[in-house]
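Each number in the working numbering corresponds to the 1-based position in the sequence shown with 4 added.
Cβ coordinates follow ideal geometry from the N, Cα and C atoms, glycine included.
Reviewing the structure listed below.
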Amino acid sequence: MSGAKAGIVAAILAAQAFLLHGLRLNEVEPTIKPLSEIPHTIGEWRLISETPMDPKIFDYLKPDDYISRHYDGKGIRAEVFVAWFKSLNQSYGPHSPRVCLPGAGWMTRQSRVIELPMPGRESPVAINEIFMERGEENILVLYWYQNARHAYADEVMAKLYLLPDMLRQQKADIALVRLVTSGKSGNAAVHQEMTSLAQRAFAILSERFGG
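In structure tokens:
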């Protein structure tokens, strides 16, 4: 994001925060079906393990619900992480993988936004695709933000939609969805399976979020 664009976005977010405080809108607390009830089988993907979030990370992020799982499909192992926040009005919200993964030593080698046709959506949904490396390790990361009303790749959009959503529906919830697997850029088979998993996960979450 350019400096000028970042400045505009920061000004909009500051104005939204001021208006939200001044308007004192009554926020409706959304409810979703528990993420723990997401199926252990997603198409050809099978759950193989589930890992609790590190307590320090949990205390920092404070998600209202989450899952951190590993699935296996056609010999490909994928991490499926979903963190849902019932409101962005009083909290920081999702922590971007663009920040947390480099903080863990991963370096971005290739990054782009791709558009995928998603079940129940007339238009393709934009999601992030990042190839990263750490030493001899390589990973593919797909992630996006989703609720019952919107889905987008840009984390800034989650906060830009805060005021409109509060004005129209008195809701400001959002989920970060992140899929990670081992793989280098150019591995078409891995990319195809991961984008297929993304589509299946999107459909399951849409049903849970009421979209």
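Item                                                                                                                                    : Value
Beta-carbon proximity check, I178 vs F89, cutoff 7 angstroms                                                                            : yes
Enclosing alpha helix (DSSP H) for V103 [first to last residue]                                                                         : 101 to 107
Cβ-Cβ distance between L51 and Y70 below 7 angstroms                                                                                    : no
Spatial neighbours of V13 in its chain, beta-carbon cut-off 6 angstroms, leaving aside the 5 residues before and after                  : With a pLDDT of 47 at V13, under the threshold of 50, the modelled position of that residue is not reliable, and the figure given next carries that caveat. Excluding sequence neighbours, V13 sits near V160.
Ordered list of beta strand (DSSP E) runs contained in the stretch 24 to 97, each at least 3 residues                                   : 49 to 54, 69 to 77, 80 to 89
Bounding residues of the beta strand (DSSP E) (the contiguous stretch that carries R182)                                                : 178 to 186
As assigned by DSSP and simplified to three states, the class of R116                                                                   : strand
As assigned by DSSP and simplified to three states, the class of R138                                                                   : strand
Pick from H154, L171, V184, R153 that is closest to L136, judged by C-alpha positions                                                   : Checking the displayed sequence, the identity of residue 136 turns out to be Met instead of Leu. Of the candidates H154, L171, V184, R153, the one whose C-alpha sits nearest the C-alpha of M136 is V184.
Span separating the alpha-carbon of G124 from that of P56                                                                               : 31 angstroms
Sequence-distant residues of its chain with Cβ nearer than 8 angstroms to M283 (five each side left out)                                : Absent from the model: residue 283. The displayed extent of the chain is 5 to 215, so no value can be given.
Test item: CB-CB of V129 and P101 under 7 angstroms                                                                                     : no
Sequence-distant residues of its chain with Cβ nearer than 8 angstroms to W49 (five each side left out)                                 : Y75, D76, G77, A82, L201, R204
Contacts around F213, its chain only, beta-carbon distance under 6 angstroms, and the 5 residues preceding and following it disregarded : I36, N151, A152
Chain-order list of residues whose beta-carbon lies under 6 angstroms from that of F85 (same chain, five-residue window excluded)       : S72, R182
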